[in-house]
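*Asks:* Counting from 122, one number per residue, gives the positions in the sequence shown under my numbering.
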Amino acid sequence: MMKFLSFGRLPLLMGHQLPPDLREIAILGGYRPLQSTPRQCLQSVFSPTNETINVWTHLIPSVYFIWKLVTFCYSLDVSTTPYTWAFVAYMVTACTYPFVSAMAHTFYVMSTFARKICFFLDYGALSFYSFGVGLLYRAYAFPETLLESKFCDVFLFVCLLNALMSTVIACSSRFFTSRILMKLFRLGAFSFPWIWDNIPLIYRLTYADRLQSVSEVHYMRQLVFSVLIGFLYTSHLPERLAPGKFDIVGHSHQLLHICGVLATTEQINGALYDLKVRREILQVSGKMVCSSWSVGAVVFLFFVNAGIIAMFTRYAWKSRNDKGESDKDR
Ligand SMILES: [Zn+2]
Numbered sequence: 122m123m124k125f126l127s128f129g130r131l132p133l134l135m136g137h138q139l140p141p142d143l144r145e146i147a148i149l150g151g152y153r154p155l156q157s158t159p160r161q162c163l164q165s166v167f168s169p170t171n172e173t174i175n176v177w178t179h180l181i182p183s184v185y186f187i188w189k190l191v192t193f194c195y196s197l198d199v200s201t202t203p204y205t206w207a208f209v210a211y212m213v214t215a216c217t218y219p220f221v222s223a224m225a226h227t228f229y230v231m232s233t234f235a236r237k238i239c240f241f242l243d244y245g246a247l248s249f250y251s252f253g254v255g256l257l258y259r260a261y262a263f264p265e266t267l268l269e270s271k272f273c274d275v276f277l278f279v280c281l282l283n284a285l286m287s288t289v290i291a292c293s294s295r296f297f298t299s300r301i302l303m304k305l306f307r308l309g310a311f312s313f314p315w316i317w318d319n320i321p322l323i324y325r326l327t328y329a330d331r332l333q334s335v336s337e338v339h340y341m342r343q344l345v346f347s348v349l350i351g352f353l354y355t356s357h358l359p360e361r362l363a364p365g366k367f368d369i370v371g372h373s374h375q376l377l378h379i380c381g382v383l384a385t386t387e388q389i390n391g392a393l394y395d396l397k398v399r400r401e402i403l404q405v406s407g408k409m410v411c412s413s414w415s416v417g418a419v420v421f422l423f424f425v426n427a428g429i430i431a432m433f434t435r436y437a438w439k440s441r442n443d444k445g446e447s448d449k450d451r
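#1: Figure out for me which residue from I148, L131 and P132 has the closest Cα to the Cα of F367.
#2: With burial defined as no fewer than 16 other Cβ atoms inside 10 Å of the residue's Cβ, what is the status of P132: buried or exposed?
#3: Measuring alpha carbon to alpha carbon, tell me which residue in G245, M135, P364 and L180 is nearest C431.
#4: Using CA coordinates, which residue listed in Y340, T355 and S406 is at the minimum distance from G391?
#5: Check for me: the alpha helix (DSSP H) holding S364 runs from which residue to which?
#6: Exposed or buried, what is T288 when buried is set at 16 or more other beta-carbons lying within 10 Å of its beta-carbon?
#7: How would you label T237, buried or exposed, when you count the other beta carbons within 10 angstroms and need 16 or more for buried?
#8: For a test of the three-state rule: what should DSSP assign to L134, helix, strand or coil?
#9: What is the rounded straight-line gap between the Cα of I187 and the Cα of M212?
#10: Does the structure place the segment 248 to 260 close enough to the segment 203 to 222 that three or more beta carbon pairs sit under 8 Å?
#11: Since Y152 sits in a beta bridge, which residues does DSSP pair it with?
#12: Considering only the alpha carbon of each residue, which of I290, T202 and R295 lies closest to F240?
#13: Buried or exposed for G255, please, with buried defined as at least 16 other CB atoms from any protein chain shown within 10 angstroms of its CB.
#14: Would you kindly check if the distance between the Cβ of V191 and the Cβ of V199 is under 8 Å?
#15: Would you call M123 buried or exposed, if buried means 16 or more other Cβ atoms sit within 10 Å of its Cβ?
#16: In whole angstroms, give me the CA-to-CA distance for D243 and W177.
#17: Within the structure, which residues are defined as neighbours of ligand 1 by a Cβ-heavy atom distance below 6 Å, reported in chain order?
#18: Going by beta carbon distance, what residues of the same chain come within less than 7 Å of L134, once the five residues before and after it are set aside?
#19: If I measure Cβ to Cβ from I174 and keep anything under 7 Å in the same chain, skipping five residues before and after, which residues do I get?
#20: So, using beta-carbon positions, are C380 and I350 closer together than 8 Å?
#21: Are the segment 358 to 366 and the segment 299 to 307 touching, with three or more C-beta to C-beta distances below 8 Å?
#22: For H357, which residues in the same chain have their Cβ closer than 7 Å to its Cβ, ignoring the five residues on either side in sequence?
#23: Looking at the secondary structure, which residues open and close the alpha helix (DSSP H) in which P182 lies?
#24: Apply the 10 Å Cβ neighbour rule to Q404 and answer buried if 16 or more other Cβ atoms are within range, or exposed otherwise.
#25: Which residue wins for smallest C-alpha separation from A284, given the options S336, K408, G253 and N319?
#26: With burial defined as no fewer than 16 other Cβ atoms inside 10 Å of the residue's Cβ, what is the status of H453: buried or exposed?
#27: Extract the residue ranges of the beta strand (DSSP E) inside the segment 257 to 343, only unbroken runs of 3 or more that lie entirely within it.
#28: Classify Y394: buried if its beta carbon has 16 or more other beta carbons within 10 angstroms, exposed otherwise.
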């Protein structure tokens with residue numbers, strides 16, 4: 122394996138050697154060759170390029186989240202405890218998004234078409250996770266004072282709609298020619314579900330009279346890391362301050378990945394605490410999440426998201442042929 126990966130040197134490109142739409146803001150070098158082969162893509166995971174740390178900052182956490190899920194399933198009799206199913210479903214979404222992202226960052230450079238598919242999958246996985254977060258909060262973190270409200274009744278339904286809309290909007294943004302519009306649509310596609318998911322949490326942290334301090338500290342940190350993600354995504358700091366200095370290590374996308382993973386870790390720890398201490402409150406209220414949401418809706422979303430991605434892939438393939446574009450063009 123090592124021989125396979127170390128054979129030959131990966132030729133890297135400077136930004137000015139690439140078409141403008143493939144350059145990253147203030148990243149001057151370390152680009153992989155366009156039309157990389159699968160072998161070169163794998164090589165780039167083990168040799169320094171401007172994508173290498175993007176891959177590892179999501180690949181390692183995905184393994185860690187899988188380990189958390191497995192230990193959770195071993196420590197509790199999950200199959201006979203429907204109360205835990207929402208947590209398991211959330212963990213499946215939390216394992217999926219970093220893994221899919223790591224794969225997308227590894228292989229998107231194979232062609233223009235591969236770039237589109239990889240990021241369609243990445244957006245699908247993120248919207249899947251956004252529903253997982255809503256499910257987690259509704260199942261374990263919802264404020265007691267909101268459990269009887271209409272907001273609570275419609276909460277998961279809106280989370281599901283948001284997730285589907287965010288897949289559609291984020292995938293559509295790949296066809297925009299304006300970079301600013303592309304960025305705005307993508308930001309909107311993921312920030313709106315995030316805001317909706319976090320309303321009960323922000324309400325709980327602001328108004329709740331019974332504080333479960335351990336989980337709430339985790340949720341506060343989660344909010345801070347999430348706001349940092351938005352800041353890094355829009356600011357392109359620190360590389361904007363010193364273009365070329367953070368090409369390989371320390372640019373905003375790597376920091377964004379790290380903040381995302383830290384936010385997820387805080388979410389997991391907060392919810393694990395709530396799951397243990399709030400069971401009675403949720404049972405008494407009769408507002409526990411039923412399996413049609415914790416299993417049915419998650420499976421439904423998975424397949425509908427897959428269908429949406431397939432549709433966009435088909436459209437991307439068709440428009441590529443209509444334009445007479447071939448992978449050799451780039
Ligand atoms: Zn990424």
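Ideal placement from N, C-alpha and C gives every residue a C-beta, glycine not left out.
Since the structure is predicted, the reported quantities are computational estimates derived from the model, not experimental observations.
*Replies:* A quick look at the data gives this:
#1: For the purposes of this step, residue 367 is taken as residue 246 along the sequence shown, with counting starting at 1. Cα-wise, what sits closest to F367 is I148.
#2: For the purposes of this step, residue 132 is identified with residue 11 of the sequence shown, where counting begins at 1. By the 10 Å Cβ count, P132 comes out exposed.
#3: Counted from its first residue, the sequence shown places residue 431 at position 310. The displayed chain sequence assigns Ala, not Cys, to residue 431. When only C-alpha atoms are compared, the closest one is G245.
#4: Along the sequence shown, read from residue 1 onward, the residue named residue 391 stands at position 270. It is Y340.
#5: By one-based count along the sequence shown, residue 364 stands at place 243. Looking at the sequence provided, one finds Pro at residue 364 rather than Ser. Element bounds for P364: n/a, residue is neither H nor E.
#6: Here residue 288 corresponds to residue number 167 of the sequence shown, with the count starting at 1. T288 should be labelled buried.
#7: Translated into the one-based positions of the sequence shown, residue 237 becomes position 116. The sequence as given places Lys at residue 237; Thr does not occur at that position. Flag for K237 reads buried.
#8: Walking along the sequence shown from the start, residue 134 turns up at place 13. Three-state result, L134: strand.
#9: Against the sequence shown, residue 187 aligns to sequence position 66. Against the sequence shown, residue 212 aligns to sequence position 91. Distance between the alpha carbons of I187 and M212: 8 Å.
#10: yes
#11: To locate residue 152, count along the sequence shown from 1; it is residue 31. Bridge partners of Y152: L134.
#12: As a working note, residue 240 is residue 119 in the sequence shown. For F240, the nearest C-alpha among the options comes from R295.
#13: Looking up residue 255 in the sequence shown gives position 134. Classification for G255: buried.
#14: Along the sequence shown, read from residue 1 onward, the residue named residue 199 stands at position 78. Along the sequence shown, read from residue 1 onward, the residue named residue 191 stands at position 70. Their beta carbons are not under 8 Å apart, which means V199 does not touch V191 by this criterion.
#15: For the purposes of this step, residue 123 is taken as residue 2 along the sequence shown, with counting starting at 1. In this prediction, M123 scores a pLDDT of 48, lower than 50, which makes its location untrustworthy; the coordinate-derived value is nonetheless stated afterwards. Label assigned to M123: exposed.
#16: Taking the first residue of the sequence shown as 1, we reach residue 243 at position 122. Taking the first residue of the sequence shown as 1, we reach residue 177 at position 56. About 15 Å.
#17: N175, S222, H226, H374 and H378
#18: In the sequence shown, counting from the first residue as 1, residue 134 sits at position 13. Here the set comprises Y152 and P154.
#19: In the sequence shown, counting from the first residue as 1, residue 174 sits at position 53. So the list reads V370 and Q375, once near-sequence residues are dropped.
#20: In the sequence shown, the residue the question calls residue 380 occupies position 259. In the sequence shown, the residue the question calls residue 350 occupies position 229. A contact, by the Cβ cut-off of 8 Å.
#21: By the Cβ rule, the segment 358 to 366 does not count as touching the segment 299 to 307, because fewer than three pairs are nearer than 8 Å.
#22: Position 236 of the sequence shown holds residue 357. Same-chain partners within the cutoff: I146, A147 and S373.
#23: Translated into positions along the sequence shown, residue 182 becomes position 61. From DSSP, the alpha helix (DSSP H) with P182 extends over T173 to S196.
#24: Along the sequence shown, one-based indexing puts residue 404 at 283. Per the 10 Å Cβ criterion, exposed.
#25: Position 163 of the sequence shown holds residue 284. Per the Cα distances, G253.
#26: No answer is possible for residue 453: it lies beyond the span of the chain, which begins at 122 and ends at 451.
#27: none
#28: In the sequence shown, counting from the first residue as 1, residue 394 sits at position 273. It is buried - the Cβ of Y394 has at least 16 other Cβ atoms within 10 Å.
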